[in-house]
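Residue 16 is where the sequence shown starts when you use the numbering used here, and the numbers rise one by one after that.
We put the CB at the ideal spot given by N, CA and C, even for glycine.
Notes follow once the structure below has been shown.
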Amino acid sequence: MKRIWKEFSCIYDVSHALNLIGWGQERFPISCFLNSNNHNTDPYHRYQAVVAIGAKSEITSLGTDDFAQLKSWHSNHNDWLFGFFSYDLKNQVENLSSNNFDGIKMPLMHFFRPVVLCIFEKEYVKIGCIEG
């Protein structure tokens, strides 16, 4: 499914992003907030903040060949993905072994394709929603 984008004028304020997170938490069990903290001098700086809300689809570690599975999944969706890799995923890349205690049972990786994606720049916000 395709993401539809709309752009709106607004001067970025972190409260806008926090309000979106609050709205998202009432409707979806998953979200992500990335904030530049006004670190504008970095040559790679592009956005003030990015808010990803809801999971249209997601992938979680199966325990083997996770990088290849993620690459294939990303190729199928060709969209923004948000998530994490755990430290112990290194055991699939190199001949290493560790058995670190995980008291919260986190998977080796988890990524999601957001239903709603808000990209804040200095003077506007782009909001992308997946059809359906």
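Check your understanding: Quick one: Cα of histidine 125 to Cα of isoleucine 74, how far?
Key -> Numbered from its first residue, the sequence shown carries residue 125 at position 110. Numbered from its first residue, the sequence shown carries residue 74 at position 59. In a straight line, the C-alpha of histidine 125 is about 6 Å away from that of isoleucine 74.
**Study point:** C-alpha gap between isoleucine 142 and glutamine 40, whole angstroms
**Key:** Within the sequence shown, residue 142 is the residue found at index 127, counting from 1. Within the sequence shown, residue 40 is the residue found at index 25, counting from 1. The alpha-carbon atoms of isoleucine 142 and glutamine 40 are separated by roughly 17 Å.
**Study point:** C-alpha gap between histidine 60 and glutamate 136, whole angstroms
**Key:** Here residue 60 refers to the residue found at position 45 when the sequence shown is read from its first residue. Here residue 136 refers to the residue found at position 121 when the sequence shown is read from its first residue. Here the alpha carbons of glutamate 136 and histidine 60 stand approximately 10 Å from one another.
Check your understanding: What did DSSP end up calling valine 29 once you bin it into helix, strand or coil?
Key -> Working through the sequence shown from its first residue, we reach residue 29 at position 14. Here valine 29 sits in helix by DSSP.
Review point. Shortest alpha-carbon distance to glycine 98 belongs to which of Asn110, Pro122, Glu109?
Key: The residue labelled residue 98 in the question sits at position 83 within the sequence shown. The shortest C-alpha separation from glycine 98 is found at Pro122.
**Study point:** DSSP-derived helix/strand/coil call for lysine 86
**Key:** Mapped onto the sequence shown, residue 86 falls at position 71. Residue state, collapsed to three classes: helix.
Review point. Sorted by chain position, which residues of the same chain lie with C-beta nearer than 6 Å to isoleucine 134's C-beta, five sequence neighbours on each side aside?
Key: In the sequence shown, the residue the question calls residue 134 occupies position 119. Answer for isoleucine 134: Tyr62, Val65, Lys141, listed in chain order.
Review point. Going by other Cβ atoms of all chains shown within 10 Å of its Cβ, with 16 needed for buried, is serine 112 buried or exposed?
Key: Taking the first residue of the sequence shown as position 1, residue 112 is located at position 97. Serine 112 should be labelled exposed.
Review point. By a C-beta neighbour count over all protein chains shown, 10 Å radius and 16 as the cutoff for buried, is valine 108 buried or exposed?
Key: For the purposes of this step, residue 108 is taken as the residue at position 93 of the sequence shown. By the 10 Å Cβ count, valine 108 comes out exposed.
Practice item. Return the chain-ordered list of same chain residues with a C-beta closer than 8 Å to the C-beta of tryptophan 20, the five sequence neighbours on each side being excluded. Key: Sequence index remark: in the sequence shown, residue 20 carries index 5 (1-based). Here the set comprises Lys141, Ile142, Gly143.
Check your understanding: Can asparagine 114 be considered in contact with the ligand MN, in the sense that its beta carbon sits closer than 7 Å to one or more heavy atoms?
Key -> The ligand MN is not part of this structure, which contains no ligands at all.
Exercise for review: Hey, could you find the ends of the beta strand (DSSP E) histidine 125 is sitting in?
Suggested key: For the purposes of this step, residue 125 is taken as residue 110 along the sequence shown, with counting starting at 1. Looking at the DSSP string, the run of the beta strand (DSSP E) that includes histidine 125 is 124-135.
Review point. Which residue's Cα is closest to the Cα of serine 30: Asp80, Ile45, Asn52, Arg18?
Key: For this step, residue 30 is matched to residue 15 along the sequence shown. Ranking Asp80, Ile45, Asn52, Arg18 by Cα distance to serine 30 puts Asn52 first.
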